[in-house]
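Asker: Counting from 80, one number per residue, gives the positions in the sequence shown under my numbering. The beta carbon of each residue, even a glycine, is placed where N, CA and C say it ideally should be.
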Amino acid sequence: MIPEDHPCYFIKNVVDLIDCSKANQEFRGKPGEFAYPRELLLRLILMSVFDGGLSSREIERKTRTDIAYMYLAAMEKPSYRTIARFKVDYADLIDEAFKTTIKIAKENDLIKIHHLSLDGTKIKAKTSINKLTDENQIKIMKEHLEKSIELDQQEDDELGDESGNSVPESLTDKEKFKETVKEIQKSSKNNRNKDKLRSSSLNLLKQAEKNPEKVLKKLNELEEKVKESPKDVISINDPDARLMMNKKGKWEWDYNAQIIVDEYKGIILSSYITQNPTDHFELIPSIEQLENNLTGIYDELPSNFQFSADNGYSTDENTTYLEEKGLEGYIFPRKLSRKEKNIICGKNHSKKTISATMQKLKPTSVLWEKFYIEDEHMNTKTNKE
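#1: I need the straight-line Cα distance from Glu455 to Thr142, nearest angstrom please.
#2: Please state whether DSSP places Ser196 in a helix, a strand or coil.
#3: In whole angstroms, what is the alpha-carbon distance linking Gly405 and Lys344?
#4: Taking Phe411 as the reference, give the member of Ser196, Lys205 and Pro318 with the closest Cα.
#5: Alpha carbon to alpha carbon, how far is Ser279 from Glu155?
#6: Cβ of Ile124 within 9 Å of Cβ of Phe165?
#7: May I have the straight-line CA-CA distance separating Leu230 from Val294, to the nearest angstrom?
#8: Could you tell me which of Ile347, Asn371, Asp395 and Glu396 sits nearest to Gly199, measuring between CA atoms?
#9: Taking the alpha-carbon positions, what's the Ile485 to Pro364 distance?
#10: So within the stretch 354 to 384, which uninterrupted alpha helix (DSSP H) runs reach at least 4 residues, ignoring any that extend past its ends?
#11: Relative to the C-alpha of Glu222, which candidate in Thr161, Tyr148, Glu302 and Asp389 has its C-alpha closest?
#12: Any idea if Phe106 is buried or exposed, counting beta-carbon neighbours within 10 angstroms, 16 or more meaning buried?
#13: How many whole angstroms separate the CB atoms of Ile376 and Ile173, which I take to be in contact at a CB cut-off of 8 Å?
#14: Suppose the cutoff is 7 Å on Cβ atoms and the five residues either side in sequence are ignored; what does the same chain contact list for Leu283 look like?
#15: Hey, Pro356 and Met323 are a contact pair by Cβ (cut 8 Å); roughly how many whole angstroms apart?
#16: Excluding sequence positions up to five away, which residues of its chain have a Cβ less than 8 Å from the Cβ of Pro157?
#17: Roughly how many angstroms lie between the CA atoms of Trp332 and Val167, to the nearest whole one?
#18: Could you tell me the alpha carbon to alpha carbon distance between Pro442 and Ser349, rounded to whole angstroms?
#19: Return yes when the Cβ of Val312 is within less than 9 Å of the Cβ of Ala176, no when it is not.
#20: Can you give me the start and stop residues for the alpha helix (DSSP H) that Ser100 sits inside?
#21: Threshold first: 4 residues or longer. Then list the alpha helix (DSSP H) segments lying entirely within the stretch 117 to 141, N to C.
Here's what the structure looks like:
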C-alpha cells in the first residue's frame with residue numbers, strides 16, 4: 080500500500096543507524112505507563128520534516144490517518160504531548176539524524192563541497208501581532224494578580240475551614256475574581272495613560288479566574304523573557320519569537336531560519352533558527368556549525384571552496400572572516416545592490432519588472448563583493464556611466 084520509493088523507508092534506514100540505547104535506558108525500571116522507544120518517536124519527527132514541518136498535534140493525527148506514519152509508529156499512537164517533549168528533551172538525537180543524512184549523502188556522491196550557498200528565511204510564529212506585552216503591562220498584571228491571591232490567603236487565615244461554607248456565594252474565589260477583572264476592564268477603558276491594559280493582557284487575566292497561581296507563574300516567566308528582547312516587547316503566546324519585517328513590509332512575530340546548501344544536488348549541510356531579525360551576524364555561526372557537522376564525516380575538513388550569500392550578509396566582519404578561512408567568498412554588497420537596481424531598472428519600472436530584469440541579468444551582471452573591494456574605482460566609474 081505504501082509506494083516502494085516513499086521516503087518513510089529511507090527515514091527508517093537512517094534511524095536504524097542511530098544508537099538510541101542510552102536514551103531508552105532512562106525509562107527502564109521506572110513506574111508509570113509504557114514508554115515509547117526513542118527510535119519510534121524519532122522516525123515520526125523526521126517524517127514530519129519531509130512533510131514540511133508538522134506540529135506535534137498534526138503528527139499525532141497522522142499516526143491515526145496516514146499509513147506511512149502508521150508504519151513508522153508500528154501502529155502505536157503517541158500523544159502530541161509525548162512528541163512535543165521528545166523534541167525538547169532529545170534534540171541531540173534529531174541533530175545526530177541530520178548528520179547521518181549528510182554522511183549517507185557523501186557516501187552516495189551527492190555532495191561535492193565545491194560551491195556552498197547560505198540564505199535565511201523568515202518563519203512566522205503561530206501568534207498574532209496583537210498578542211504583545213511589555214514590562215509595564217506585566218508589572219500591572221502581576222500587581223492585580225498578587226493582590227487577589229493575597230486577599231484570598233488573608234480570608235482563609237481569618238475564616239479557616241470551619242466557617243468557609245458560610246461565605247456568601249458572591250464572595251467565593253471565582254466570583255470575586257470575575258468582579259476584579261470587570262473592575263480592571265472598566266478602569267482600563269477610562270484610563271488613557273501608559274498604565275492602560277491591552278486587550279491581550281485582559282484576556283490573560285481572565286484565564287486566572289480558574290488558576291491564578293498558574294497565570295502568575297506565566298507572568299514571572301514572561302517578565303524574564305521580556306528582558307532578553309531587544310525591542311522590550313514580546314508575544315504572550317510565543318515569548319521566544321521576535322518582531323521582524325516580512326517581505327510585504329509588515330511587522331510580525333517571526334523566527335529567522337539559516338540554511339547552507341551544497342550546490343551539486345541541493346543537500347542541506349547546516350541549518351538552525353535564530354532570533355536575529357537580520358542576516359548580518361549569521362554567516363560566521365553558520366560556517367562554524369557547518370564545520371561541526373562535517374567533522375567525523377571527512378578525515379580532513381574541506382577548504383578553498385566557493386561560498387556565496389546575498390547582500391544581507393554583506394559586512395566587513397564577514398568578508399574578513401571568509402578571507403581568513405581561505406574561502407572564495409561571493410557576497411553582493413548592499414550599497415552596490417541599490418545602485419545597480421536604480422541604474423538597470425530606473426525609477427518608473429514596477430517591482431515585477433525590476434525583479435524579472437534582475438533575475439535575467441544575475442548570471443552575468445552581478446558584481447560580487449571580492450571584485451568590488453579589489454577594484455572599487457572601476458565599480459564607481461561603471462555605476463556613474
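Answerer: Well, looking at it:
#1: Here residue 455 refers to the residue found at position 376 when the sequence shown is read from its first residue. Here residue 142 refers to the residue found at position 63 when the sequence shown is read from its first residue. For Glu455, the predicted structure reports a pLDDT of 45, less than 50, and the residue's modelled location is therefore unreliable. A value from the coordinates is still provided. Glu455 and Thr142: Cα-Cα distance of roughly 59 Å.
#2: Numbered from 1 along the sequence shown, position 117 holds the residue referred to as residue 196. Here Ser196 sits in strand by DSSP.
#3: Here the question's residue 405 lines up with position 326 in the sequence shown. Here the question's residue 344 lines up with position 265 in the sequence shown. For Gly405 and Lys344, the distance between alpha carbons rounds to 24 Å.
#4: Locating residue 411 in the sequence shown gives position 332, counting from the first residue. Per the Cα distances, Ser196.
#5: Translated into the one-based positions of the sequence shown, residue 279 becomes position 200. Translated into the one-based positions of the sequence shown, residue 155 becomes position 76. Taking the straight line from one Cα to the other gives about 39 Å.
#6: Position 45 of the sequence shown, counted from the start, is the residue given in the question as residue 124. Position 86 of the sequence shown, counted from the start, is the residue given in the question as residue 165. Cβ distance < 9 Å, so Ile124 and Phe165 count as in contact.
#7: Taking the sequence shown and counting its residues from 1, the one referred to as residue 230 is at position 151. Taking the sequence shown and counting its residues from 1, the one referred to as residue 294 is at position 215. Computed Cα separation, rounded: 17 Å.
#8: The count along the sequence shown starts at 1 and reaches residue 199 at position 120. Nearest C-alpha to Gly199: Ile347.
#9: Residue 485 is absent from the structure shown; the chain starts at 80 and stops at 464.
#10: 362 to 373
#11: Within the sequence shown, numbered from 1, the residue matching residue 222 stands at position 143. For Glu222, the nearest C-alpha among the options comes from Glu302.
#12: As a first step, residue 106 is located in the sequence shown; it is residue number 27 there, counting from the start. By the 10 Å Cβ count, Phe106 comes out exposed.
#13: In the sequence shown, the residue the question calls residue 376 occupies position 297. In the sequence shown, the residue the question calls residue 173 occupies position 94. About 17 Å; that fails the 8 Å criterion.
#14: Position 204 of the sequence shown, counting from 1, holds the residue named residue 283. Closer than 7 Å at Cβ, skipping near neighbours: Met220, Val294 and Ile315.
#15: The residue given as residue 356 occupies position 277 in the sequence shown. The residue given as residue 323 occupies position 244 in the sequence shown. So it is a contact: roughly 4 Å between Cβ atoms.
#16: Along the sequence shown, read from residue 1 onward, the residue named residue 157 stands at position 78. Cβ within range, chain order: Tyr115, Leu119, Leu120, Leu123, Glu139 and Thr142.
#17: Your numbering for residue 332 matches position 253 in the sequence shown. Your numbering for residue 167 matches position 88 in the sequence shown. Those two C-alpha atoms are separated by around 21 Å.
#18: As a position in the sequence shown, residue 442 is number 363, starting the count at 1. As a position in the sequence shown, residue 349 is number 270, starting the count at 1. For Pro442, the predicted structure reports a pLDDT of 37, less than 50, and the residue's modelled location is therefore unreliable. The matter cannot be settled from this model.
#19: In the sequence shown, the residue the question calls residue 176 occupies position 97. In the sequence shown, the residue the question calls residue 312 occupies position 233. No, Cβ-Cβ distance for Ala176 and Val312 is not below 9 Å.
#20: The residue given as residue 100 occupies position 21 in the sequence shown. Segment Ser100 to Gln104, the alpha helix (DSSP H) holding Ser100.
#21: 117 to 129
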